[in-house]
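Going by the UniProt record's numbering, 92 is the number at position 92 of the sequence shown; the sequence numbering is gapless. For reference, the structure is listed below as structure tokens.
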Amino acid sequence: MRKVTMRDVSRATGLSMFTVSKALNGGEGVSEESLKMILLAARELGYVPNRAAQELRRSSRDSVAVITADASNSYYLNLMSGIQHTLRPSNWTVVVGDVAVDGVYDPCLEDRMIKRLIESRMAGVISTLTLSPDNIRLLETWDIPIVFVDSAPVGENTYPSVTTDNFNASLLVGDHLAYHGYREWLFLIYPEKWTTRFERERGIREAARRHGAQLVVLESDNDTHSAYAKLGQYLEKTARLPDVLIAGNNPLLLGALKLLQDRRIAIPADMALMGYDEFDWAPLLNPPLTTLNEHSEEIGRRAAGLLVALIGEQTGPDNAAPSSASRREYQQQVPAELIVRQSCGCGLPALPKKKKES
């Protein structure tokens, strides 16, 4: 005869696994009505907790996974530093897997990785991009909590996440562009698979509206070569250079920098340049680059702390990761800071803009 599990109790009562787990393990926060329903169903079904298996589960899961989307993106360096520093005292092992090698997202690679993480008995996952709904459900089925950083799923379901306040970050960028009097803005941005796209674009559109600027949004695949090609195609068709180019992240920025160098477009004399992700060598460029500091190390620290808290709430082998609805308080946003350097035109004498060669 098959052993009755908490999942059976959950199905019988119609209550979430998280609620059932808390009730059967004496946790607080369960209503009296729900508690009575759960205890009655457990008794009628013949549920008996397996304490030995619970202890085995606690002792056997000592690793967490970080899923990245193009590990070459320097944004992840400081993010990983924050994660590692937070998890080190707990002796957790951190495993990193990339599902967008060179910025090219591979859904088959994501599927294989999720299955491998489950087989490896990961205690939890920090993901830097949205996963497919099927893979999210699969992790939940196997009681592996997820914390999203950078990009989080959009829609009715909410999941634990630590992200940048991208809308207000874009307003900071737009206000500074207006300070320079720039009226023609070109925003180079990545596909919607990376959901930071939505709030970054919404914010920059709102800033352009407020300041009466003309905004062109140019979408590129999320890699350096695509950014180089897409920007080159656009500039070939324009009668004149825009006042400023805003690069949506570091891979796109790198592609843009290579193109501007190849075409001998001077920054900021011919066109100003701003980037969305701060990186260690941004002040060493010529000219030094104006960027948004998203404080990715702080995001990593918060995400790791949140994941540890979620793991700590699990007490048995058939307990589930807390449901999305029960984790609405775990939606954290970190404000960005504009780091003003010379690529935007600050600190340099005004120079006449070079006309595009015919």
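Note that the Cβ used here is the ideal one computed from N, Cα and C, for glycine as well. Keep in mind it's a predicted model, so treat the numbers as computed, not measured.
First through last residue of the alpha helix (DSSP H) which encompasses residue i
i           : result
residue 111 : 107 to 119
residue 86  : 75 to 87
residue 214 : Segment 214 to 219 is the beta strand (DSSP E) holding residue 214; no alpha helix (DSSP H) there.
residue 10  : 6 to 13
residue 41  : 32 to 45
residue 224 : 224 to 237
residue 63  : Run containing residue 63: none in the alpha helix (DSSP H); it sits in the beta strand (DSSP E), 63 to 68.
residue 307 : 296 to 312
residue 199 : 196 to 211
Candidates the options, of which the one nearest residue i by Cα
i           : options            : result
residue 274 : 226, 110, 152, 176 : 176
residue 270 : 250, 187, 260      : 260
residue 74  : 91, 183, 121, 103  : 103
residue 289 : 180, 69, 214, 267  : 267
residue 183 : 248, 129, 158, 213 : 213
residue 307 : 249, 287, 143      : 143
residue 255 : 99, 189, 137, 217  : 189
residue 114 : 82, 181, 136       : 136
residue 159 : 344, 80, 310, 5    : 310
residue 294 : 116, 173, 117      : 173
residue 76  : 263, 17, 312, 128  : 128
residue 363 : 145, 105, 36       : Absent from the model: residue 363. The displayed extent of the chain is 1 to 358, so no value can be given.
residue 194 : 154, 344, 5        : 154
residue 70  : 265, 100, 248, 6   : 100
residue 378 : 251, 211, 242, 116 : The displayed coordinates of the chain run from 1 to 358. Any statement about residue 378 would go beyond what the structure contains.
residue 179 : 4, 280, 7, 344     : 344
residue 359 : 45, 202, 253       : Past the edges of the chain, shown from 1 to 358, lies residue 359, and the structure says nothing about it.
residue 198 : 337, 134, 248      : 248
residue 97  : 81, 89, 85, 116    : 116
residue 45  : 161, 17, 3, 105    : 3
residue 313 : 87, 191, 124       : 124
residue 405 : 330, 88, 68        : Since the first and last residues shown for the chain are 1 and 358, residue 405 lies out of range.
residue 240 : 287, 280, 265      : 265
residue 105 : 81, 68, 80         : 68
residue 192 : 280, 134, 130      : 130
Residue span of the beta strand (DSSP E) that contains residue i, given as start and end
i           : result
residue 94  : 93 to 98
residue 292 : 290 to 293
residue 334 : 331 to 334
residue 337 : 337 to 339
Cutoff 6 Å; reference residue i; Cβ partners in own chain excluding five residues on either side
i           : result
residue 200 : 166, 170
residue 78  : 296, 297
residue 95  : 63, 65
residue 42  : 9
residue 291 : 275, 278, 282, 339
residue 244 : 177, 182, 185, 272
residue 242 : 184, 186
residue 258 : 228
Beta-carbon proximity list for residue i, same chain, < 8 Å, skipping 5 on both sides
i           : result
residue 38  : 9, 13, 15, 19, 20, 23, 24, 30
residue 163 : 148, 149, 150, 151, 152, 196, 299, 332, 333, 334
residue 91  : 62
residue 347 : 341
residue 433 : No answer is possible for residue 433: the residues shown for the chain start at 1 and end at 358.
residue 118 : 138, 139, 142, 144
residue 86  : 300, 301, 304, 305, 308
residue 287 : 267, 268, 341, 342, 343, 348
Cβ neighbours of residue i in the same chain (closer than 7 Å, five flanking residues each side left out)
i           : result
residue 285 : none
residue 83  : 66, 94, 126, 300, 303, 304
residue 215 : 185, 187, 204, 205, 208
residue 11  : none
residue 202 : 167
residue 35  : 23
residue 217 : 187, 189, 201
residue 81  : 297, 300
Closer than 7 Å to chain B by CB, residue i
i           : result
residue 246 : No chain B appears in this structure, which consists of one protein chain only.
Distance cut-off 6 Å: residue i Cβ against heavy atoms of the ligand MN
i           : result
residue 123 : The ligand MN is not part of the structure shown, which contains no ligands of any sort.
Legend entry - the segment 221 to 233 / the segment 295 to 303 touching (three or more Cβ pairs under 8 Å): no
Inset, instruction - Would you mind listing the alpha helix (DSSP H) stretches within the segment 248 to 276 that are 4+ residues and don't spill past its ends, in chain order? - result: Counting only runs of at least 4 residues, the segment 248 to 276 fully encloses the following alpha helix (DSSP H) elements, listed from N- to C-terminal order: 250 to 262.
Inset, instruction - Any chance you could list the alpha helix (DSSP H) runs of at least 4 consecutive residues sitting entirely within the segment 126 to 191, in chain order? - result: Correct list: 133 to 141, 166 to 179.
Inset, instruction - Decide if the segment 229 to 236 is in contact with the segment 202 to 209; the criterion is three or more beta carbon pairs, one per stretch, under 8 Å apart. - result: no
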